[in-house]
Structures are given as C-alpha cells and as structure tokens.
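To start, the structure itself, in structure tokens.
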Amino acid sequence: AQSVTQPDIHITVSEGASLELRCNYSYGATPYLFWYVQSPGQGLQLLLKYFSGDTLVQGIKGFEAEFKRSQSSFNLRKPSVHWSDAAEYFCAVGEPYSSASKIIFGSGTRLSIRP
Amino acid sequence: DAGVTQSPTHLIKTRGQQVTLRCSPKSGHDTVSWYQQALGQGPQFIFQYYEEEERQRGNFPDRFSGHQFPNYSSELNVNALLLGDSALYLCASIWRSRLALGNEQFFGPGTRLTVL
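Keeping their order, the protein sequence lines are chains A and B. First residue of the first sequence? That's 24 in my numbering, and the numbers climb one at a time after it. First residue of the second sequence? That's 11 in my numbering, and the numbers climb one at a time after it.
Right under this line is the structure:
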C-alpha cells in the first residue's frame, strides 16, 4: 500500500535561512509526487509536482524538490525563507497512469519562522 | 474565475445527527473528491465523483455518502455522527480526470465540522 512519511512534525527556521522538509514514500513504482502548503483558514495549494523526467522540480514561491528514487525521497527545499512561508506543508503521492485521482497525504510538517 | 467553494464554513452538530456539506468545483472541472482532515493530520481521501457516480472510495464507512449533480457540484452526507467525525472536510476539483493526465487537484477552504 502507498504511504507517505514526513518525519519532522514541526520545524523552526530563521527568516532568510535555508529550508529542507523531508518526505519519504512507499510505493511499488515511481508514483506521482506532490508538495502542498496549507495556511490557516486556507485550502491546500499545490507548490510543485513530479511525474517523470528531470528529478529536480521547480515550484511556486521559490520552492524546489528533488526526487531520489534510491532513497524513496522527495524533499522540499527553499534557499531563503520568508515570514510568509510559515504554514503546514504536506507531501503526497498519487497513482501514475491512472484516471484515479486519489492522493495519499503525509501527516504534515508545520513550519515556523523566527524573526 | 472563482475557485472551489464550500459551504458552510463551520458547522456544529451533536452525536447521532446527520450533516450535509456542499462543494462547487472550479469552473470547467468535472470531477470532485472529498477528503477528511482531522486535527494535526494530513487529509484522508473519502471518495471521488465523476459523471454523477462514485468512482473511487477510501476507507470510510457507509455512513459517508455523496452525490454529484449535473452541474458538477457535489454534496457529502454523513449519517449518525460520531465524535470522531469532527474534522475539516475538504473538497477538491479536477479537470477531465478521466484522461489520466495527473491534473492538479484544486482544493476549497474546507468546512469545519464539530460534533458534540
């Protein structure tokens, strides 16, 4: 069965510092991979997605993620965080080559920004 | 262009009652998925509707049911509410999901359900 693990429940970084949020997945093949962000009172917003091809994916708001098949990982990075990046971040997987659009989410990592 | 909208924003019910939540998809989107997000957890897939039929279902009991209307809007119904049903219920819409394009799911802001 598909599963997603986000080992860090809560991370605090200083404004302007770099960020890396970890994500590991379990799936028999290469799944579709996503990172979503959720701010209080807001719906989930897609930051980036990986389906195939280049393993370094660029997203919105200056985020990027790297797919590493050997490590079953899809870590999210940002070189310099802004106070507005404080939110909950979710890694998720979906089934490739399928019209089924079910997404399996991790439990999330809450990001706090230190002024 | 309005995004995905959900109503109501908040809802308080008591155990044993029934509740109906509503979702209007993004313009042009024909598929709606529902997710339950318990406090401190990631969203969990409940089911998906396309062409007014339930196409896929997650690990939720039959107390959870839904409907999709010809205009693609959708309802989520939960019967015999339990305390554990308290959660944020998210609706997501997708454009032409049946083409297996891996299209982005656009999420609404959710309905916060509290069961007392």
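Built from N, CA and C at the ideal position, the CB exists for glycine as well.
Continuous beta strand (DSSP E) stretch holding residue i: start and end
i	result
HIS20 (chain B)	20 to 23
PHE86 (chain A)	Looking at the DSSP string, PHE86 (chain A) is not in any beta strand (DSSP E), and its letter there is neither H nor E.
LEU86 (chain B)	84 to 88
THR121 (chain B)	121 to 125
ILE34 (chain A)	33 to 37
ASP69 (chain B)	The residue you asked about is not Asp; residue 69 (chain B) is Asn in the sequence shown. Here ASN69 (chain B) belongs to no beta strand (DSSP E), and DSSP marks it neither H nor E.
SER130 (chain A)	Unbroken run through SER130 (chain A): none, as it is neither H nor E.
GLY117 (chain A)	110 to 117
SER95 (chain A)	That residue, SER95 (chain A), is in no beta strand (DSSP E); it is neither H nor E in DSSP.
HIS77 (chain B)	74 to 78
Integer-rounded CB distance, given that residue j should sit under 8 angstroms from residue i
i	j	result
GLY52 (chain B)	SER130 (chain A)	5 angstroms
GLU85 (chain B)	ARG32 (chain B)	6 angstroms
ILE83 (chain A)	LEU70 (chain A)	6 angstroms
LEU44 (chain A)	VAL104 (chain A)	In fact, because the Cβ distance is near 11 angstroms, the residues do not count as touching under 8 angstroms.
SER49 (chain A)	GLN65 (chain A)	Not a contact, Cβ separation roughly 29 angstroms.
LEU123 (chain B)	LYS23 (chain B)	7 angstroms
Short Cβ contact (7 angstroms threshold) for residue i with residue j
i	j	result
SER34 (chain B)	SER75 (chain B)	no
ARG100 (chain A)	GLU111 (chain A)	no
ALA115 (chain A)	ILE126 (chain A)	yes
Minimum C-alpha distance to residue i - residue among the options
i	options	result
ASP31 (chain A)	A:GLU87, A:ILE136, A:ARG137, A:THR132	A:THR132
ALA102 (chain B)	B:LEU123, B:ALA90, B:GLN78	B:GLN78
ARG92 (chain A)	A:ARG100, A:ASP77, A:GLN81, A:VAL104	A:ASP77
GLN61 (chain A)	B:LEU126, B:LEU91, B:THR124, B:GLY118	B:GLY118
ASP72 (chain B)	B:LEU91, B:ALA48, B:THR15	B:LEU91
GLN28 (chain B)	B:ILE56, B:ASN87, B:PHE57, B:ALA48	B:ASN87
THR53 (chain A)	A:PRO138, A:SER107, A:GLN94, A:VAL36	A:GLN94
Residues bridged to residue i (per DSSP)
i	result
ARG100 (chain A)	A:GLU43, A:GLU87
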